[in-house]
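Protein chains in written order, with the working numbering: chain A, 1 to 578; chain B, 579 to 1261. Even for Gly, the Cβ is constructed at its ideal location relative to N, Cα and C. Working notes, structure below.
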């Protein structure tokens, strides 16, 4: 007998609560701020045979929702060659080619047994603070092989029949600059899995294995049905979008990410064949990461589709095996965040061409992984590593959010007071960036300006950013936001990195300053259609300068800041009507 | 002259103002419910008291749970406020912690309560170790203050980076501002919250400044109005932390009233349950759009350090922890495109409200389901706004939107809505109990307000709660809470030192001195206390972690030492996470002090039904109620007429003017010695 839909709805809530509680456990107990504050982690429940995502926590990093299924599958395949899975096993690995993302993300996968058979998997992924490699914090824009990015651990057993393998922990600890942080995060992930198993067992005991098993199958079928229904609402046809990465950090040449999107009734084809081939630097990604990124973009547009593998059933992916979207070892993948942000941007752009109503313009599109590293007077090593914010894209209902987080993440930025207390730095500025939001009938959100001065004798600075040459596009006639800009001070004056927003180990000295200016979001609709009163208000608030109000929005203001209607009309009718 | 003997609790809600009058000399209580007066709540407030009290000079104390602050925040109706801040940091308030309102979908927006031109900068800088890199330019501070004053600001918040480590620059700037702009509404951020984390401190302090003129003038009107009627006693205001403060303190720290109303309800629930022998309860407040739960363990309400009133409106002061989910009486049921039933988060609220209100909504809600299943009396709607509910319209809506799509009868569809709504509420209860390591079997659900009592029984079954306790007057719980709340002041100060480097003795001396100063404030209110407690906590963590654990601490008469701190941390950490992390240094981030003046308890026997009647005599009708897939002939009782010790088997309905109670089949309900109804599973 099929499970009744009311019980199903109730169980869906119960299962999601288990995944959410696993998230919360790790966030509270993790050591490194990337997990504890930025929530760069995720937990879920996965299919016993295929590894498909069945349920995933709501508070973890969105990108992992799509990618974890591949990680669980990697463990299933590896275990099959090693005598199978045992009760009490926990597998650990960070191989990005076999489970997506980059080396910093360590996955723990635990089979849950019922009556001697695997019922499902629980998994935990978290971004560790440092996993070795050439660059502290592991964003190495000059890497040409994954070996320069950090240690690569294939799926191995951390627990074997319930026995903790301290030799594995020794290997991990020996390959990081921050063993204390690693130890704390690893413990947090184990705690999360233990808790998940306890809750899952209680739920299975309460409802019976057969009911839950049926529920998991049914939830997947319904997720697929829901997605088909959403695709059916889109008009049939083919649209294309393309966008570019500045460079791969090795050679200063743009890389194309292109998609041809076909809608055929309740079926969707995402064809990336026209994208650039694999590159030498670390902006390659694996096929599983590409699929996961598309999933994130679709879920942003069609908010209510669940975190379940069924959502991707009606979507066909065409990814050339030679492309930078489908690489294998040892191609470097450390900067995967930049490439998946670009993928999300082109999905947004393509969908806007056929469905302007749910569309959103592109967000700032780069995480700007900035690390400063050095030694204190007492010889102790310090590494400050953080991601920075920017503007969100505008949409048909309003302007973009100022200073938001990246679409692939729900990360918050650490308080600057915490950073100043923990590291020898002083922020000189932490402000919104004028004129950075893309002009449009609805304006893109503003990016930010951060200035950081060094308070120790020396430090090395590393940056992994994008959008230095190709700004975040607008949609439905909207214009792009401002590009990313980075500058650093040295004895002979101010410099910008040769690779625009990527650099390795630039040396700075006491009181020298770094300045990061992040992109705003793209605009929505034609800028000349923006209500002149809103433009005047933007100028009053300092979001837009009076000069840009005139050149970008065609709005001329009087000396008192009010709209000069006659001059504005003249200007707006005379131009190309943007 | 006789000492004034009346203590009065007043809770002003959106619809009604509830007044609870305790006559300490006579040992009697009375209550009153009058319509709230919008625009100026103090009018309804005084009318409510006047409806029960002849001579205001007989009142010793008025205790008030207020939503004036909460509403001003939610409706953005605070005063125009200016911010004077460190050069380079005027956008901290607007940049938040780089978050967004929802994980999925990127259409969020945020408007800060202070516009950008009203956020101005001065040259100054303090470093994280408290050293002053640039002394504040007082001349510049005065000039900026005059700019803000001439722009039309009514209040101002002075906020400097790292002020928690050294507030000297901030204080000097505040004095500079006051020297040219005599204004009672000048707030130094560190006066409100001397804690590390710039956005949280600024947001809390700014919201305080934003509320000050509005809330102060409300309290002024209240004082004037009461005095005009001959009142000469004290006015106390309920804080979000569940304690009360003197009205003068409330005028300085209005942000502490952000959750004043709900906190009063939780305090009352704690007191009522405690008297009835229940130290562990989960309070449930079901409104039109939401379901709020709070956990009380061992007679103490759980507190949280911070909450968001709205996206980006962070208030960081200790407050009763209230977990809210989007499942209320007005929550809308629907079937999604994959055929799965949904309840909420969309809600019809209370206006237009459920379909059965007949005010324009046609989408079926939880209340409609309760009505269709016979659990609500169509001829006796609670709340007093309507005379009659439209059962036919509710049935039609459930049939069209749910029954037809899921191939269920109207009754089965309605029951499905309730099952899912109950499951969501159960999820909220699991979140505050099981997820915090509490065994739900040891807890009782305690609904207050109008809606929760229909669902309390189902929650027993769904989560495995031990019982449910329905207070005698769920509708006036918050007003009662005002009368029994203790007086309480909280303080936090960032320390940010490794335990190994900490001068523990000096820290102990500082904490004691702070507590003594707080006790002096407490005593200045001229209120009688049964006793005064000092509660100490340290926020601690292992080096490298960012989340702290709150470590309760005793300061021995011999002073504080590192070993005592270490032991306290390790025992707290073990409870929270299971295993200690050997060899990793510990850090003391903040200290927290609460000074609590315990007010004399209220004798709950005052509520005991004096002349109750046997169940048969209280029975008003028999109604057909649909539950567990079948019809039942359920007796309906007039709840307040039942005598002590009455035991009723479910299914049964109990009605009173401010709530309806459903005893599910398989449960029994007993009237206890205080007039509470205790619902349990049959043995």
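DSSP, reduced to helix, strand and coil, places residue 1211/B within a strand of the structure shown. Residue 82/A has a beta carbon lying at 7 Å or more from every beta carbon in chain B. Taking a beta-carbon distance threshold of 7 Å, residue 709/B does not count as an interface residue toward chain A.
Rounded to the nearest angstrom, the gap between the Cα atoms of residue 61/A and residue 272/A is 24 Å. In the three-state DSSP reduction, residue 403/A falls in the coil class, being neither helix nor strand. Residue 65/A is positioned such that its CB atom lies no closer than 7 Å to that of residue 109/A. Within the same chain, Cβ atoms closer than 6 Å to the Cβ of residue 807/B are found at 634, the five residues on either side in sequence being excluded. In chain order, 13 make up the part of chain A whose C-beta sits under 8 Å from the C-beta of residue 1002/B. In the DSSP assignment, residue 457/A forms no beta bridge with any residue.
In this structure, the straight-line span from the alpha carbon of residue 931/B to that of residue 865/B is close to 11 Å. Listed by position along chain A, the residues whose Cβ is nearer than 8 Å to that of residue 670/B are 430. The shortest C-alpha to C-alpha distance from residue 498/A to any of 465/A, 356/A, 448/A is the one to 465/A.
Pairing residue 450/A with residue 799/B, the inter-Cα distance amounts to about 46 Å. DSSP, reduced to helix, strand and coil, places residue 735/B within a strand of the structure shown.
In the three-state reduction of the DSSP assignment, residue 780/B falls in the helix class.
For the segment 774 to 803 of chain B, the residues whose beta carbon sits under 8 Å from a beta carbon of chain A are, in order, 774, 775, 776, 777, 778. Uninterrupted beta strand (DSSP E) stretches at least 3 residues long and entirely within the segment 770 to 845 of chain B occur at 812 to 816, 822 to 824, given in chain order. Here the segment 1043 to 1061 of chain B makes no contact with the segment 1069 to 1077 of chain B; the two share fewer than three CB pairs at distances below 8 Å. Looking at the backbone, the Cα of residue 43/A and that of residue 29/A are separated by about 15 Å. What residue 5/A touches in chain B, judged by beta-carbon distance under 7 Å, is 917, 918, 919, 984, going in chain order. If one requires a minimum length of 4 residues, no alpha helix (DSSP H) run lies completely within the segment 684 to 724 of chain B. For the C-beta of residue 695/B, the chain A residues within less than 9 Å are, from N- to C-terminus, 540, 541, 542. Here residue 409/A carries a coil assignment [DSSP, helix/strand/coil]. DSSP places residue 617/B outside both helix and strand once states are collapsed to three, so it counts as coil. In the three-state reduction of the DSSP assignment, residue 469/A falls in the coil class. Counting only the Cα atoms, residue 737/B lies some 48 Å from residue 912/B. With a threshold of 7 Å between beta carbons, residue 1155/B makes contact with chain A. Between residue 321/A and the set 302/A, 279/A, 310/A, the nearest pair of CA atoms involves 279/A. Within a 10 Å sphere around the beta-carbon of residue 1241/B sit 16 or more other beta-carbons, which makes this residue buried.
Cβ neighbours of residue 1198/B within its own chain (closer than 8 Å, five residues either side excluded): 1214, 1215, 1216, 1233. When 9 Å is used as the limit between beta carbons, residue 940/B is near no residue of chain A, the shortest such separation being about 21 Å. Rounded to the nearest whole angstrom, the CA to CA distance from residue 1095/B to residue 1088/B is 11 Å.
Chain B has no Cβ within less than 7 Å of the Cβ of residue 189/A. For the pair residue 412/A and residue 392/A, the Cα-to-Cα distance works out to about 15 Å. Taking a Cβ-Cβ threshold of 8 Å, the residues of chain A close to residue 677/B are 404, 405, 410, 412, in chain order. Under the rule that a run must span 4 or more residues, no alpha helix (DSSP H) segment is found entirely inside the segment 1093 to 1139 of chain B.
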